[in-house]
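Residue numbers (our numbering), protein chains in the order written: chain A, 5 to 372; chain F, 255 to 584; chain C, 11 to 349. Beta carbons are placed, not taken as given, at the ideal position from N, Cα and C, and that holds for glycine.
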Amino acid sequence: MSIATSSEERFAQASQLQLTWWRFCRHRLAVISLAVVAFFYLVVIFADFLAIADPHAVDARRSFIPPQGFALFDSGAWSPHVSGLKGVRDPRTFKLTYTPDPARKLPVKFFVRGYSYNLFGVIPTDRHLFGIEGGQPVDGVFLLGTDQLGRDLFSRLIVATRISLSIGLAGVTLSLMLGILLGGISGLYGGAIDTLIQRLIEVVRSIPTIPLWMGLAAALPNTWSVTQVYFAITLIISLVSWTELARVVRGRFLALREEDFVIAAELAGASQMRIILRHMLPSFASHVIAAVSLALPVMIVSETSLSFLGLGLRPPAISWGILLQDAQNVQVLAGAPWLLCAAVPVIIVILAFNFLGDGLRDAADPYG
Amino acid sequence: MLIYVARRLALALVTCAAISLLTFIIIRLPPGDFVDAYIANLAVGGSSVSAEQADAMRREYGLDKPVAVQYALWMGRVIVGDFGVSMMWKRPVTEVIGDRLWLTMAVSISALFLTWTIALPIGIYSAARQYSIGDYVATTLGFIGLAVPNFLLALILMYLGFRYLGLSVGGLFSPDMAQAPWSWAKFRDLMVHLPLPASVLALAGTAQLIRIMRANLLDELRKPYVVTARAKGIGETRVLVKYPVRAALNPFVSSSAYLFPYLVSGSIIVSLVLGLPTVGPLLLQALVAQDMFLAGTIVLLLGILTVIGTLLSDLLLMWVEPRIRLQGRA
Amino acid sequence: MVEAARRVLSVRDLVVDFVQDTGTIRALDGVSLDLHAGRVLGVVGESGCGKSLTARAVLRLVDRPGRIVSGKVLLDPGAPAQQELTALDPEGEAIRAVRGGRIGLIFQEPMSALSMHYTVGNQIIEAIRAHSGLGKSAARQRAIELLQEVGIPRPETRIDAYPFQLSGGLRQRVGIALALAADPEILIADEPTTALDVTTQAQILALLRRLQRTKGMALMLITHDMGVIAQMADDVAVMYLGKVVEFAPVQQLFAAPRHPYTRALLRSVPNIRAVPRERLATIGGAVPHPESRPTGCAFHPRCPEIIAGRCALEMPPPLPPDQEGASCFHVMPKMMVDA
């Protein structure tokens with residue numbers, strides 16, 4: 005009996021966000037997805053530390069090396085190692101091609117020195133989680149193989165995660181600002197402004213987005229730097245994607261405007277800003293978080309698609325789309341199918357965000 | 255009902271105007287104007303244009319006038335079907351586009367119908383037999399469909415087809431038919447090639463519609479009118495199909511209206527991977543070469559056809575929903 | 011009296027469970043009732059006591075995760091053609107012939123109980139044709155007669171209206187016409203007037219009363235409104251937490267209620283002759299969730315007449331069907347003497 009009372013009290017005193025969180029924890033798939041998403045963002049933060057080789061380092065000698073597993077044991081004893089590369093001259097073309105040489109074993113070590121980078125963007129270091137020390141310049145750990153220019157795909161994939169996931173976040177932030185602004189105005193004032201914004205949303209939604217994006221992205225000057233293009237692409241993507249967020253925000257505003265506690269606050273003489281920030285925002289924050297996590301995968305796919313077409317980010321930037329661009333040609337792909345590996349994180353991240361968003365939405369709105 | 259139709263028509267017109275404006279912006283976005291680009295293009299070919307000739311050209315295209323006037327002039331030409339000349343091909347834009355626009359629509363519309371015919375029965379089954387094995391299979395497939403972007407799916411299919419069947423799965427025609435004039439045989443050839451790209455394109459939308467249909471039907475199944483129908487003593491299948499399925503059709507159809515722009519979008523990128531002779535590859539080439547009249551026209555025509563498609567699905571919604579038909583509101 | 015009329019339906023010890031992740035909830039806990047031709051049985055109780063569920067269970071319309079665990083529903087009990095509804099396949103032909111054909115059901119919310127996608131006529135004609143061999147035009151003619159019978163003006167045009175084009179009162183009349191479509195002998199009305207305004211309520215009740223009398227139907231009227239009971243019922247079954255706790259002819263129930271719950275219900279009816287400004291009596295507490303059913307007599311936590319050391323521990327014996335009395339330790343001794 006006393007346990008029941010205390011749990012009831014716990015519910016009675018919990019805030020809206022806490023309640024939502026408890027309901028969310030009941031969706032197992034959504035909780036797993038949250039862990040997956042968190043893992044990916046950890047990779048983003050420690051990208052350079054996790055990368056093995058400089059993702060930009062070109063070496064024609066190790067073009068298209070297939071993925072190389074590393075052996076954990078050497079004749080029964082614990083000794084993680086990879087094989088070194090050896091150059092073989094083709095007897096007919098006299099071309100030198102490099103292939104793994106099982107005879108030459110290179111031990112894999114942790115916290116090795118590699119290319120220099122700035123950890124968190126500020127701490128200069130050259131330590132990496134693992135890699136090989138010594139060996140010839142051509143040697144390396146190629147977990148996912150290399151591309152045509154001999155760049156290590158695993159390292160590139162890790163570094164690409166940084167751009168692909170952060171552009172999603174940046175795009176969603178922009179979309180969210182637009183969505184909250186327009187949706188908020190729409191829901192708060194109603195009337196003619198509401199009608200206008202609603203029609204605007206309908207117009208934007210009925211335009212096919214990819215041709216439009218392509219048109220806008222293609223117009224970006226060639227002379228722009230990677231950073232400029234990055235922000236321009238973010239802007240282009242979010243210009244089209246704010247509508248769903250605006251719809252959610254407006255819907256919540258309309259519903260909340262009628263709620264007793266908002267009316268009570270109005271009667272108590274609270275300012276409009278205070279009502280919005282103090283009373284309304286907390287009760288729709290969970291809805292907005294859910295909508296955001298459903299919008300993120302759309303952003304990520306948009307960037308991937310544009311870069312895949314060659315109209316989004318441009319090399320030397322590395323994103324999943326840019327990696328997949330190398331896999332566009334079937335002949336190339338047939339020879340080096342490991343180039344498709346960039347598709348795996350795309351699919352996992354989209355799935356995780358969708359499950360997460362579904363779980364959050366159910367948790368935020370158990371009745372709707 | 256007339257009010258509803260009139261509102262939809264007005265909205266479609268506004269959307270077309272917005273698309274035309276965006277197109278105009280896209281055409282004007284690259285630095286320099288059309289004449290600069292044209293001259294640069296000619297210079298590559300070795301011929302040169304004098305300053306007087308250039309100015310004459312600018313006057314001819316109205317490039318010396320304010321932007322708003324330029325837009326009006328351009329719109330005036332577009333409305334009578336004059337979309338300008340493609341720099342890359344040195345031919346009128348309409349000629350360059352040719353059949354490609356209709357093939358784009360053929361692919362998108364087949365994908366739309368495919369989406370409907372697959373999503374409707376699976377969605378109904380999934381809801382009516384909630385938590386059955388079939389439901390889990392459908393839900394899982396739905397999630398995969400949702401998570402694999404269609405260009406990736408196309409890429410993977412291309413790879414598998416090439417690697418294991420040793421054939422190129424792309425294209426809309428057999429090699430010997432691609433250049434042939436339209437005939438019954440060519441049409442049949444198209445029908446043979448259409449299902450693969452249409453399925454690739456339809457997958458994501460199908461997954462989405464299955465989810466929508468399932469969720470809505472589950473909602474409807476709990477409503478009292480279903481019990482009323484069962485209390486009349488009619489059979490379960492009849493109850494299901496006549497009442498809740500009918501009610502769940504409404505959100506199903508209205509989400510389809512937004513599906514069409516999405517499919518047209520997708521067809522561009524899928525066409526590039528699968529090498530379909532739609533406007534997709536042409537648009538990419540035009541954009542890379544900054545052939546802005548060609549690119550702009552493609553964006554404009556795609557947009558307008560999409561609006562027409564969306565308008566048609568809206569009218570379909572009206573036909574499905576007596577409340578809109580009789581009272582003009584949703 | 012009670013014995014005079016023919017029994018048309020018997021519910022015996024009906025138990026319905028809802029199986030959920032959190033555990034099994036017993037929603038009906040041994041309900042026994044009888045319906046008699048030409049009589050009105052009022053079923054009364056607060057929301058959540060299992061009134062509507064009883065109605066649905068009779069027609070085998072309990073949806074998953076609900077399940078009839080035990081007990082019987084007998085149509086024409088004792089007659090040679092007696093049918094055990096609880097033994098039928100819930101999706102089979104036999105139960106479908108009973109639904110609408112033998113037993114008509116009227117719902118609470120006429121708005122949501124009718125489909126918005128078909129005309130009134132379409133929905134009624136469907137019910138008519140499900141139970142008769144009538145052709146399309148004959149069924150339409152019958153539907154117009156039915157609409158006329160339930161007092162809908164201009165039925166020839168209204169038959170082609172959609173439910174959303176009708177007022178609440180007219181919609182409920184359509185609901186009644188729908189229930190009458192196949193001339194059932196038994197009518198179950200589940201809170202038929204709750205969603206209507208007071209004037210319309212009175213009209214609908216009068217209509218129900220008239221139809222029931224002229225057709226000699228058995229009517230099971232489910233309501234939480236003691237006023238409706240007083241006006242309509244011949245006998246009354248009071249339900250609390252999935253059980254019938256008192257059964258009595260209507261005059262006896264109002265004159266000498268036996269169960270403390272019935273007394274509390276009667277006290278909470280607003281009375282026009284009450285002392286002005288005096289607080290309206292309410293029953294303390296709320297109906298407990300069936301998940302946390304109290305031990306002993308389910309009503310004991312709210313009972314003003316609780317017998318210490320008994321009500322909280324022992325369950326009073328259930329009420330035999332069709333016998334006046336209450337399932338309460340206060341009245342049990344008397345019943346023992348009677349028996």
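Neighbour flag for residue i against chain C, beta carbons, 8 Å
i	result
F/Arg577	yes
F/Ile488	yes
F/Arg383	no
F/Tyr292	no
Environment of residue i [buried if 16+ CB atoms lie within 10 Å]
i	result
F/Leu419	exposed
A/Phe357	buried
A/Ser120	exposed
A/Thr103	exposed
C/Glu155	exposed
A/Asn122	exposed
C/Pro280	exposed
A/Val340	According to the sequence provided, residue 340 of chain A is Ala. The question's Val does not apply to it. With 16 or more other Cβ atoms within 10 Å, it is buried.
Assigned secondary structure, residue i (DSSP; H/G/I helix, E/B strand, else coil)
i	result
C/Met325	coil
F/Ser567	helix
C/Pro331	coil
F/Ala485	helix
A/Ile280	helix
C/Arg312	helix
F/Lys319	coil
A/Val145	coil
F/Val402	coil
C/Val18	strand
A/Tyr407	The structure shown does not extend to residue 407 of chain A, since chain A is modelled only from 5 to 372, so the question has no answer here.
F/Lys477	coil
C/Ala199	strand
Cα-Cα separation, residue i to residue j
i	j	result
C/Val21	F/Leu395	46 Å
C/Leu24	F/Glu490	24 Å
F/Pro403	A/Asp362	19 Å
F/Phe416	A/Pro95	29 Å
F/Cys270	A/Gly316	26 Å
C/Phe264	C/Asp73	35 Å
C/Gln118	C/Thr203	7 Å
A/Phe124	F/Tyr379	51 Å
A/Glu262	C/Phe309	38 Å
A/Gly372	F/Leu472	No answer about A/Gly372 holds up, because its pLDDT of 41 lies below 50 and its placement is not dependable.
A/Gly118	A/Ser37	33 Å
A/Thr231	A/Pro320	11 Å
Which listed residue (the options) has its alpha carbon closest to that of residue i
i	options	result
A/Trp217	A/Phe74, A/Ser245, A/Arg96	A/Ser245
C/Thr4	C/Ile239, C/Gly319, C/Ala187, C/Val41	Only positions 11 to 349 of chain C appear in the structure, and residue 4 of chain C is not among them; the question remains open.
F/Ile372	F/Ile387, F/Leu463, F/Ala540, F/Asp336	F/Leu463
C/Glu334	C/Val260, C/Pro87, C/Pro163	C/Val260
C/Ser62	C/Thr233, C/Phe257, C/Glu256, C/Met126	C/Thr233
C/Gln241	C/Met249, C/Phe257, C/Arg220, C/Val255	C/Arg220
F/Val339	F/Gln544, F/Ala511, F/Pro498	F/Gln544
A/Arg155	A/Tyr234, A/Ser79, A/Arg65	A/Arg65
Minimum Cβ-Cβ distance from residue i to chain F less than 8 Å
i	result
A/Ser168	no
A/Phe312	yes
C/Phe174	yes
C/Arg168	no
A/Ala331	yes
Beta carbon proximity, residue i to chain A, threshold 8 Å
i	result
F/Thr393	no
F/Val480	no
F/Ile273	yes
Contact set between residue i and chain E, taken where Cβ atoms lie within less than 7 Å
i	result
C/Leu69	As a matter of chain content, chain E is missing from the structure shown, whose protein chains are A, F and C.
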